[in-house]
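J.:
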Amino acid sequence: MHTTRRMAHALWAAETIMARVDRTARRAGAGGGPPERRCAYVPTPPSRRPMPELPDKRTAFMDWYLAVVDGAGVTDKRYPVKGMNVWTPYGFRARRNLDAVLVREIEATGSEAVEFPTLIPATEFEKEKEHIKGFDAQVYWVTRGGLSELDIPLVLRPTSETAIYPIFSVWIRSHRDLPLNVYQIVNTFRYETKTTRPFLRVREIHFFEEHTCQANEAHATERVRSNLGAFRKMADAFALPFLPVRRPEWDKFPGAYYTIALDAPIGEARTLQLGSIHHYRENFARPYGIRYEAADGSQQYVHQTTFGLSERLLGAILAVHGDAKGAVFPTAIAPYQVVVIPIPGPDAGDGPLRTAEEIAGRLARHGLRVHLDAGDERPGAKYYRWEQAGVPLRLEVGRREAESRTATSASRLGAKGRVTIDRLEHEVAERLAEFDRALAERAAAGFAAAFSLAGSIAELAGSTTVRVVAWCGSEACGHQIEAGIDGALLGVPEGPLPIEVGSPGACVACGSTTAVRWALAGRPL
RNA sequence: GGGACUGUGGGGUAGCUUGGUCCAUCCUUCGGGGUUCGGGACUCCGAGACGCCAGUUCAAAUCUGGCCAGUCCCA
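Read in order, the letters of the first sequence correspond to residues 1 to 525 in this note's numbering.
(1) Going by Cα to Cα distance, which pick from A72, E53, P198 is closest to R78?
(2) Output the boundary residues of the beta strand (DSSP E) element that contains P493.
(3) On the three-state DSSP scale, how would you describe A444?
(4) Using the three-state DSSP reduction, which class does N181 fall into: helix, strand or coil?
(5) Give me, in chain order, the residues of the same chain whose beta-carbon lies closer than 7 angstroms to that of G289; leave out the 5 immediate sequence neighbours on both sides.
(6) Excluding sequence positions up to five away, which residues of its chain have a Cβ less than 6 angstroms from the Cβ of S226?
(7) Grouping DSSP H, G and I as helix and E and B as strand, with all else coil, what is D263?
(8) For V81, does the count of other Cβ atoms within 10 angstroms reach 16, so buried, or fall short, so exposed?
(9) Take the Cβ of S463 as the centre, count every other Cβ of all protein chains shown within 10 Å, and call the residue buried at 16 or more, exposed below.
(10) Just verifying my parser: in three-state terms, what is the DSSP assignment at E532?
(11) Quick one: is H366 buried, meaning 16 or more other Cβ sit within 10 Å of its Cβ, or exposed?
(12) Got a sec, what are the start and stop residues for the alpha helix (DSSP H) P244 sits in?
(13) By a C-beta neighbour count over all protein chains shown, 10 Å radius and 16 as the cutoff for buried, is T193 buried or exposed?
(14) Nearest by alpha-carbon distance to G473: which of L460, P496, G511 is it?
(15) In whole angstroms, what separates the C-alpha of T259 from that of E357?
(16) Under a Cβ-count criterion, where at least 16 other Cβ atoms within 10 Å of its own Cβ denotes burial, should P117 be classed as buried or exposed?
(17) Among residues of its own chain, excluding the 5 on either side of A215, which ones have a beta-carbon nearer than 8 angstroms to its beta-carbon?
(18) With L272 and A316 assumed to form a contact (beta carbons below 8 angstroms), what rounded beta-carbon distance in angstroms separates them?
(19) Once DSSP output is grouped into helix, strand and coil, what is the label at A28?
(20) Based on Cα-Cα distance, which residue from L413, I343, R394, V370 lies nearest to E401?
(21) Got a sec, what are the start and stop residues for the alpha helix (DSSP H) S503 sits in?
(22) Check T162 in the structure and name its three-state DSSP category.
(23) Could you give the distance in angstroms between the alpha-carbon of L54 and the alpha-carbon of A407?
(24) Which same chain residues, not among the five before or five after L439, have their C-beta less than 7 angstroms away from its C-beta?
(25) Can you give me the Cβ contacts of A521 inside the same chain, cut-off strictly under 6 angstroms, excluding the 5 residues immediately before and after it?
(26) Grab me the residues of F447's own chain with a C-beta within less than 6 angstroms of its C-beta, minus the 5 sequence neighbours each way, in chain order.
(27) How is E124 classed by DSSP in three states: helix, strand or coil?
(28) Who are L318's beta bridge partners in DSSP?
(29) Could you give the DSSP three-state label for E377: helix, strand or coil?
(30) Check the DSSP bridge columns for V155 and list the partner residues they point to.
(31) Are the Cβ atoms of I341 and K382 separated by less than 7 angstroms?
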């Protein structure tokens, strides 16, 4: 069996992790520490060696990104299927925290969780012509059940429109059933042929998708706006600046009336699509027969929207916030918001450890995600490790601190200080808030510097920022712009531009002055 | 879809040209002992690999073929 050895490796890895968890659990049991020690998985990068020098983020972005992801210990890439990675306990904490923010914000807009099956009959999948054409080359097929061929093959959902809409058509009878706003967080599958990257391009996608049905086009447009508002709040929580952009016709979601992509610039003219919001009009409602009886007795098709996000959002957070020391997690999703490190020392006794335990216990009871690192490593090694892992705040307790009832604090962004144990909860909350503010400022500065105006096609060559260009809207001109930047015409921003550029004059491609608007051009990852 | 290249312990590698010196090198990692502990400690002992299948040969990590997996470039 060709997979035997690699599967053995995978099993090995699983056993290693389980052994580590057991060991940690045993230690915690013996020590009787705070509850956080029960599953204190310390992210252990496959190699700690290359850390003194990460590749340069600006000039070798992808090398840097892969090293950061490795060092953060959030995923294990050794699973023997390309593009399918393992979430480690540490990484899964980040994902769960991220999902919690998505759920909170989407439910605040009146959406409810559902879950549809993973497999879709080919007959349903093929109902929407444009849609199947868009996904043709990317779907996994299930053609056998046990030993027999299936009479109707099944697809592993690449997205769930065609799984959900047949059911919508029986759920919806009357205008009183509208609007219908539901979302699910499930895994979807796309057979990527290009190189896969952890979180950014994967074959098994951890997918958030909202599907809604509205009475008419205006209501659907309103839902798109509402989704955009919800995403703004999510992005705020992650300190992640982005720009909503209406994709050009040739780049919209298959079957959509229009697509609004949520793009984040990540340096050197590169952009990362964080998610997308689609207005389908009646394009799916017609083939799937999703109709309702209006108040006046007439039969109407619903207008649908969808809103999709994935773990790529986590990749973007790592990509945007990470720096020369490794990952940086905003407190909203940090697996551990605070790590407490006791510093034993020859004449310190057990004061530092006891004080560190007290601190960790109190912060945990206060509702913070805190980790006590009382392992055998030397303090310096722990500092490096938790910096790589992106923990926002570190508290150090040595002899001096234990004696003076304080802790030394060090923000992942560099700010050092001291907290007094009397006012521990309050002061730590303050430090975390400061950290989030500083992180947002740093990201905002990067965002502001990520765009510039290009007055001609020639100027696009070798761009190091995302370019703002005047565009007449024609596809031919769009492709000329794409050739000029060796990337993509991202589309027309929804709302204000990120930089002040006045009003557009003539299209940079054809020189036309009619229907000219500002558009963005960049190199999507 | 077309082409080029790569596959050695958990991670990174040396060895491959010219088969034998290889019960496979070095770093890291992992387990155990001891000394340590305020920015990646040291030391002693131990563990772990030639992608898979065939072929050639006295002898294969090394040569040949097929397969599998992956990377890059082009479309």
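Yeah, the Cβ is synthetic: ideal placement off N, Cα and C, and Gly gets one too. This one's a predicted model, so the numbers in the text were calculated from it and none came from an experiment.
T.: Judging by the given coordinates:
(1) Just measuring C-alpha positions, the residue of A72, E53, P198 sitting nearest R78 is P198.
(2) Its beta strand (DSSP E) spans residues 488-493.
(3) DSSP places A444 in helix when its eight states are reduced to three.
(4) The three-state reading of DSSP puts N181 in strand, counting E and B together.
(5) Excluding sequence neighbours, G289 sits near S169.
(6) Excluding positions up to five away in sequence, the list reads T109.
(7) Of the three classes helix, strand and coil, the one that applies to D263 here is strand, per DSSP.
(8) With fewer than 16 other Cβ atoms within 10 Å, it is exposed.
(9) In this structure S463 is buried. Its beta-carbon is surrounded by 16 or more other beta-carbon atoms within 10 angstroms.
(10) The displayed coordinates of the chain run from 1 to 525. Any statement about residue 532 would go beyond what the structure contains.
(11) Exposed, because fewer than 16 other Cβ atoms sit within 10 Å of the Cβ of H366.
(12) It is not in any alpha helix (DSSP H) - P244 instead sits in the beta strand (DSSP E) that spans 243-246.
(13) For T193, the number of other beta carbons within 10 angstroms of its own is below 16, and it is reported as exposed.
(14) Ranking the options by Cα distance to G473, first place goes to G511.
(15) Looking at the two C-alpha atoms, the distance is approximately 51 angstroms.
(16) So P117 ends up on the exposed side.
(17) Here the set comprises H175, L178, P179, Y292, A294, Q300, V302, H303.
(18) Between A316 and L272 the Cβ distance is about 5 angstroms, and since that is below 8 angstroms, they are a contact.
(19) With a pLDDT of only 32 at A28, under 50, the local geometry of the prediction cannot be trusted, and the value read off the model is given with reservation. DSSP places A28 within a helical segment (H, G or I) once states are collapsed to three.
(20) E401 has its Cα closest to that of I343, out of L413, I343, R394, V370.
(21) Boundaries cannot be given for S503, as no alpha helix (DSSP H) includes it and DSSP labels it neither H nor E.
(22) Of the three classes helix, strand and coil, the one that applies to T162 here is helix, per DSSP.
(23) Going by C-alpha positions, L54 is about 30 angstroms away from A407.
(24) Closer than 7 angstroms at the Cβ level, and outside the excluded window around L439, lie A239, H321, V328, P330, L413.
(25) Sequence-distant partners of A521 (beyond 5 residues in either direction) whose C-beta falls short of 6 angstroms from its own C-beta, in its chain, are R467, V469, I481, I485, L489.
(26) Taking C-beta separations shorter than 6 angstroms and ignoring five residues to either side along the sequence, the partners of F447 in its chain run P241, following chain order.
(27) Helix at E124.
(28) According to DSSP, L318 bridges with nothing at all.
(29) DSSP places E377 in coil when its eight states are reduced to three.
(30) DSSP output for V155 lists I120, W141 as bridge partner(s).
(31) It is a contact, given that the beta carbons lie within the stated cut-off.
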